[in-house]
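As structure tokens, the structure follows; a few thoughts come after it.
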């Protein structure tokens, strides 16, 4: 996007008050113009056709045609970047369906009530609308059949491993990318994996369950004291940093904490990566995938300082090439691979081989 380009936004929400507030929030940015507001999905379809906005902010629970219905209809006609603005407690499953249908990202409303509290999301909303305008829609897959996501080959044979843990950081475009990666990891993966996905509070548990249902490997949301075990994926809980502690018997357990408080993301990729490096030394594989910003850069430096390895997702498949770019430009990436080769790259790093191709 040109530095001088104004992002034209359509606001969609059935609440008159919320439409007004979101318009006011977005108007704080000199680079955003709200061109119209719609009361439901049907009106939104008409206004997208008429006004051709750059980005849509979308409520999910609306009369006539809800947010998921709008997404499915609009993406068939013409893909457009959509940022969902909703409440997790009321629309958790719908939010995941919206991501499947092609939504780029989502922001959690702090309340369903017409109060000033809604203004708390202003900075996050502006940031995510700006990021959405940069999204490469051709790299945002939608609603793929489950059988296409699960690896169809025989599980690989592992001997002695070079890695004791895989830690992965991902943001914008992450829910789609992880659904193309995690189900391709084999059940016999000989090391644990821990994942930080930037996601609002209230969504990580249900998202982890969906990944678990689609994958041969076990996926679960992290909880205090959870053991890091081979053949399992721990997903950091939204709102809590994920770190590790090693006990005298060698077991490594998960620890969740709100501190540090001065970071832009909670959970933070940097916090996860640094803890992995401190706990596992040089036997850490860090993976940084699609996302805006540079969360993970300091953590990647910590992994490399201990002798660990780093893989980044290549620009050609990133929805937003921000987090991986920061790693590459700092000279910390050992290899960059496209999304569809990421599972094989992780497997080959664990096994200490240089295998290529598709797993």
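In the numbering used here, the protein residues as written are 521 to 879. For glycine and all other residues, C-beta sits at the position ideal for the given N, C-alpha and C. These numbers come from a predicted model, not from an experiment.
With a threshold of 16 other CB atoms inside 10 Å of the CB of residue 583, please say whether the residue is buried or exposed. By one-based count along the chain shown, residue 583 stands at place 63. Exposed, by the Cβ-count rule.
Assess, as a yes-or-no matter, whether the region 693 to 700 is touched by the region 759 to 770 under the definition of 3 or more beta carbon pairs within less than 8 Å. Verdict: no, contact absent.
Identify which residue in 552, 530, 593, 540 has its Cα closest to the Cα of residue 570. As a first step, residue 570 is located in the chain shown; it is residue number 50 there, counting from the start. Per the Cα distances, 530.
Under 7 Å between C-beta atoms of residue 683 and residue 870: Taking the first residue of the chain shown as 1, we reach residue 683 at position 163. Taking the first residue of the chain shown as 1, we reach residue 870 at position 350. Contact: yes.
Inter-residue Cα distance where the pair is residue 772 and residue 801: On the chain shown, position 252 is the one that residue 772 refers to. On the chain shown, position 281 is the one that residue 801 refers to. For residue 772 and residue 801, the gap between their C-alpha atoms comes out near 13 Å.
Sort 821, 816, 794, 724 by Cα distance to residue 741 and report the nearest one. In the chain shown, residue 741 corresponds to position 221, counting from 1. Looking at the Cα atoms, 724 is the closest of the given residues.
Taking the alpha-carbon positions, what's the residue 528 to residue 722 distance? For the purposes of this step, residue 528 is taken as residue 8 along the chain shown, with counting starting at 1. For the purposes of this step, residue 722 is taken as residue 202 along the chain shown, with counting starting at 1. Near 30 Å, if we compare the C-alpha coordinates of residue 722 and residue 528.
According to DSSP, simplified to helix, strand and coil, what is residue 745? Within the chain shown, the letter at position 225 stands for residue 745. Residue state, collapsed to three classes: coil.
Compute the Euclidean distance between the alpha carbons of residue 814 and residue 847, then round it to the nearest angstrom. Numbered from its first residue, the chain shown carries residue 814 at position 294. Numbered from its first residue, the chain shown carries residue 847 at position 327. A direct Cα-Cα distance of roughly 8 Å separates residue 814 from residue 847.
Could you spell out where the alpha helix (DSSP H) holding residue 686 opens and where it closes? Residue 686 sits at position 166 when you count from the first residue of the chain shown. Segment 685 to 690 is the beta strand (DSSP E) holding residue 686; no alpha helix (DSSP H) there.
Could you pull out every residue in the same chain whose Cβ sits closer than 8 Å to the Cβ of residue 858, ignoring the five residues on either side in sequence? Counted from its first residue, the chain shown places residue 858 at position 338. The beta carbon of residue 858 is closer than 8 Å to those of 833, 834, 836, 837 in its chain, skipping five residues each way along the sequence.
Going by CA-CA distance only, name the one from 785, 842, 732, 807 that's closest to residue 831. Taking the chain shown and counting its residues from 1, one reaches residue 831 at position 311. Ranking the options by Cα distance to residue 831, first place goes to 807.
Taking C-beta to C-beta, are residue 532 and residue 556 nearer than 7 Å? What you label residue 532 is simply residue 12 of the chain shown in a count that begins at 1. What you label residue 556 is simply residue 36 of the chain shown in a count that begins at 1. Judged by beta-carbon spacing, residue 556 lies beyond the 7 Å limit of residue 532, meaning their Cβ atoms are not closer than that value.
Is it buried or exposed for residue 561, if we count other Cβ within 10 angstroms and need 16 for buried? Translated into positions along the chain shown, residue 561 becomes position 41. In this structure residue 561 is buried. Its beta-carbon is surrounded by 16 or more other beta-carbon atoms within 10 angstroms.
When the Cα of residue 626 is compared with those of 719, 791, 581, 803, which residue comes out closest? Within the chain shown, residue 626 is the residue found at index 106, counting from 1. Residue 626 has its Cα closest to that of 719, out of 719, 791, 581, 803.
If you draw a straight line from the C-alpha of residue 618 to the C-alpha of residue 731, how long is it? Residue numbering aside, residue 618 sits at position 98 when the chain shown is read from its first letter. Residue numbering aside, residue 731 sits at position 211 when the chain shown is read from its first letter. C-alpha of residue 618 to C-alpha of residue 731: approximately 16 Å in a straight line.
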